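Heads up: the structure comes next, in structure tokens.
Number of protein chains: 4
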Amino acid sequence: MMARTQGSSGTATFEAIRKAGLRLIYERGYEAMSLRQLASEIGLVQGSLYNHISTKQELLFILISEHMRDLLQHADLALEEAPKPPSGRLAAFVDFHVNYHIDRKREVFISYSELRSLEPKNFEAIVAMRKDYEKKLILILKAGASEGVFTIADPQAVAFGILSMLAGICTWYNPKGRLSRKQISAIFVELVRGAVYDRTSPLVSRPAKGRAGTLV
Amino acid sequence: MMARTQGSSGTATFEAIRKAGLRLIYERGYEAMSLRQLASEIGLVQGSLYNHISTKQELLFILISEHMRDLLQHADLALEEAPKPPSGRLAAFVDFHVNYHIDRKREVFISYSELRSLEPKNFEAIVAMRKDYEKKLILILKAGASEGVFTIADPQAVAFGILSMLAGICTWYNPKGRLSRKQISAIFVELVRGAVYDRTSPLVSRPAKGRAGTLV
Amino acid sequence: MMARTQGSSGTATFEAIRKAGLRLIYERGYEAMSLRQLASEIGLVQGSLYNHISTKQELLFILISEHMRDLLQHADLALEEAPKPPSGRLAAFVDFHVNYHIDRKREVFISYSELRSLEPKNFEAIVAMRKDYEKKLILILKAGASEGVFTIADPQAVAFGILSMLAGICTWYNPKGRLSRKQISAIFVELVRGAVYDRTSPLVSRPAKGRAGTLV
Amino acid sequence: MMARTQGSSGTATFEAIRKAGLRLIYERGYEAMSLRQLASEIGLVQGSLYNHISTKQELLFILISEHMRDLLQHADLALEEAPKPPSGRLAAFVDFHVNYHIDRKREVFISYSELRSLEPKNFEAIVAMRKDYEKKLILILKAGASEGVFTIADPQAVAFGILSMLAGICTWYNPKGRLSRKQISAIFVELVRGAVYDRTSPLVSRPAKGRAGTLV
DNA sequence: TATGAATGAGCTTTCATTCAT
DNA sequence: CATGAATGAAAGCTCATTCAT
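Here the protein sequences come in this chain order: E, W, Z and H.
Counting in the numbering used here, the first sequence runs from 78 upward without gaps.
Counting in the numbering used here, the second sequence runs from 78 upward without gaps.
Counting in the numbering used here, the third sequence runs from 78 upward without gaps.
Counting in the numbering used here, the fourth sequence runs from 78 upward without gaps.
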């Protein structure tokens, strides 16, 4: 269903459509964005879009599914390079996640907010990818719990909580804002560490109290 | 501006509109919901809605603003009854927040997701209320930090993180699900406590390791 | 068809409807005036109008037909008091017409401009009354022509021309304007006199040249 | 503001819209004409109109403003060819005006009757053009008055009277009627001449009494 | 007599999509 | 590959009118 129009993917015009579409869906929402707006933003007439995409729905699906594919790929890469212990893997996951969300806040945002605009088939495909991603975190949490370094009341609920917390970043992150991405990453790595850390274990690598002031 | 249509507020029909509107906006989004659908759901003809609301936008604003008003009021009540120490206040805030989000997950969801569908004037009014709410948490965090019982890298970022984490609950909470609201509240109170807890202080009131397993 | 609602004519509310309706139709036109506006102007709710009128169309018909009836009656009165010679009758007619148009400019205006908004039956009734009125002028012109005091190329065309000229007054007359109604009447009586006056006859009662300057 | 839809002006479809729009507005009035009617008259579906006009209001404005532009241009041409003396210029103006009104009675009619349907900005633009046109006549009248060949009580009032008189023609002129356009023009040229003629001057060029009967 | 609410029909406008050129 | 034009459907909203209270 909805095979992409032959030969158009990757062309300059298609990339312009993708870029403008991403921004418009991010700013106004899929339903509120009209193809007239999209076309006029890139100097085309409405009907000309159909030389590059086959439907509006397809454009949304491309944006979301390619983002999810990239997210999964890069998460795997980041985790391959991470240290083996769960605490290190968790920090690596959070650091990767934060940075990826900051870099691609629009893709991240619409991949959440426009799920319901996907047609059933597309919806299911994306939800499956989301679950793959969530599973990566759940596995880390479970590993840490079974090694006794994490205290995890409920791995799924905790994973959802962590992911929600990090997803929120892309709604307020501002490249010109008070906090650098490095600072943000550090803050959230630490927040997550604290949230799951097993306090019966000895403290390690916690930054000295008060140092956080330098972040502000 | 946009005073509610005289004399209709509180009537049975108006309440039916509010209820169906809430559900439809939650399920499909404001843009995707048509007033024809809404009307037919409550056994009216489209035009009859206008005896009760003056515009579609007004309906959205009523739903969101009344929710925010209630949220602020109930948060104040919950905090009045809370113990004075920051750790107790934080737990009370999180517990209140989680429960309120579970009870009114649809209002909570649309108050986030449909912010961008609000006209400028309405948008500003709601954003001001959101900031009032966030401030309540930020003040608790700052109080705990200054008393030395919390480690807070950046109160605003941490507050946003906590609120995002909790907001996520209403996207997956299911009354018939595996976890009760009481369990969920306990899990997240503990997650938040850990996230901000000052580890140089002695541990208090941390549930014994492993007990959480009984939650599942 | 469309008998006026029993017992409402002449009441204070009905008169308020008539007055507001006259103004609104004059300002916006029959099609553009909504009964909601009309009702709200007199402190009623839309549906309440129907205790006083039976349809919007009826209101228009009442306004126009009663105006035409009055116009005919007053024209007859004015002509009864006029001198018998055609030139005097013509002056009397013009003077009456101008003053009546100035006094009731809104009735006059809508009786012209909203003819097409009348349903066929009503339309025909009004057109018949218009013709009665026009006939009064045509008869004066013909009398003057047959007595040799007027030069009338075509009585009907000339009558239409005169009536159109005078009807225009109510589009620009302003009680606070530069010209008084007395001045306006004098100007147009003289214009009409000149337009039809037989120049082979001796001049009579023409104001001295230059006196017109005092009108300004 | 309201630039005409690019590239459609002058096409066959646009001309069909203009033509049908002119007729429908003339027959029913702007408010009473629906775009559904208009579209179906030219074999289009409602929405297709928007490939050629951007709003209903724009269509009205095009019809009126282009008419006014043409009216002004042709009036200038007619006056350029006219003899220099005011009496000749007045006759030329009236002759032009009558013929133009007969030729384009629908444009003329809606340019008067639908003024109030114009949005403020458009309204002002048209009123300015109307004043330009009226000024042409006023200048002729003033010139004749200062040369002593016209008796003009008040140039503006007289100009309005003349224009109203002539405007009325387009409400009753019928190409198959009793009077030809040539006859109508002659009648009104003579009416206007008489209305403003200075009777203290010797009579010139007045048609012999009774000859007018041959017009009927 | 006034009212709030309902109705069915209608309005202008926008939408995603198609297609001949 | 781009365009102008067409389409059917649907959008939010207003209308005159009715009616139980």
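Beta carbons: idealized from backbone N, C-alpha and C, even for Gly.
Small disclaimer: the values here were computed from a predicted structure and weren't measured.
The beta carbon of R193 (chain E) falls within 8 Å of a beta carbon belonging to chain W, placing the residue at that interface.
Taking one beta carbon from each stretch, the stretch 208-216 of chain E and the stretch 224-237 of chain E have 3 or more pairs nearer than 8 Å; the two touch. For M242 (chain Z), the CB contacts under 8 Å within the same chain, skipping 5 residues up- and downstream, are F265, L268, V269 in chain order. For I261 (chain W), the closest of W:I246, W:G271, W:L99, W:Y274 by C-alpha to C-alpha distance is W:I246. The beta-carbon of S164 (chain H) is placed no less than 8 Å from the nearest beta-carbon of chain Z. Segment contact: the stretch 135-153 of chain E against the stretch 117-124 of chain E, fewer than three CB-CB distances shorter than 8 Å; contact not assigned. Separation of the CB atoms of F173 (chain Z) and H151 (chain Z) is rounded to 7 Å, and the pair is thereby assigned contact status at 8 Å. When C-alpha distances from N251 (chain W) are compared across W:H178, W:A202, W:A97, W:P163, the shortest belongs to W:H178. Here the alpha carbons of S194 (chain W) and A236 (chain E) stand approximately 30 Å from one another. By the rule that beta-carbons nearer than 8 Å mark a contact, D172 (chain H) does not touch chain Z.
Closer than 8 Å to the CB of R100 (chain Z) there is not a single CB belonging to chain H. Between I102 (chain H) and L137 (chain H), the C-beta spacing is below 8 Å. Around Y210 (chain Z), the same chain offers L148, L149, A152 as residues with beta carbons nearer than 7 Å, after the five sequence neighbours per side are excluded.
At a cut-off of 8 Å between beta-carbon atoms, V266 (chain H) makes no contact with chain Z. For the 8 Å CB-CB criterion, F227 (chain H) and V175 (chain H) do not form a contact. Its chain contains V122, Q123, S125, L126 as the residues whose beta carbon lies nearer than 7 Å to that of A116 (chain Z), once the 5 sequence neighbours on both sides are disregarded; these appear in chain order.
Within the stretch 203-216 of chain W, not one residue has a Cβ closer than 7 Å to any Cβ of chain E. At least one beta carbon of chain E lies nearer than 8 Å to the beta carbon of S190 (chain W). Remark: C-beta atoms of P163 (chain H) and G87 (chain H) do not approach each other more closely than 8 Å. In chain order, M242, G245, I246, T248, W249 make up the part of chain E whose C-beta sits under 9 Å from the C-beta of F237 (chain W). Residues of chain E with a Cβ closer than 7 Å to the Cβ of Y274 (chain W) are, in chain order, G271.
Spanning the alpha carbons of A263 (chain W) and A159 (chain W) requires a straight line of approximately 16 Å. Assignment of beta-bridge partners to F227 (chain Z) by DSSP yields Z:Y274.
For L256 (chain W), at least one C-beta of chain E is nearer than 8 Å to its own C-beta. Distance from the CA of R255 (chain H) to the CA of T248 (chain H), rounded to the nearest whole angstrom, comes to 15 Å. A straight line joining the alpha-carbon of I130 (chain Z) with that of K96 (chain Z) spans about 13 Å.
H:V171 is the residue among H:K208, H:R183, H:V171 whose C-alpha sits nearest the C-alpha of G271 (chain H).
Contact of A152 (chain H) with chain Z is not assigned, every C-beta pair being separated by 8 Å or more. Among the residues facing chain H, R105 (chain Z) is included, as its CB has a counterpart in that chain under 8 Å away. Interface flag for E108 (chain E) against chain W is set, since a Cβ pair is found closer than 8 Å. The beta-carbon distance between G225 (chain E) and D275 (chain E), rounded to whole angstroms, is 6 Å. This is short enough to meet the 8 Å contact definition. Looking at E:R258, E:M110, E:F91, E:L99, the one whose alpha-carbon comes closest to that of D180 (chain E) is E:R258.
A Cβ-Cβ distance of about 7 Å is found for the pair G106 (chain W) and G106 (chain E), placing them in contact under the 8 Å criterion.
DSSP places I239 (chain W) within a helical segment (H, G or I) once states are collapsed to three.
In the DSSP assignment, N128 (chain E) falls outside any alpha helix (DSSP H), carrying neither H nor E.
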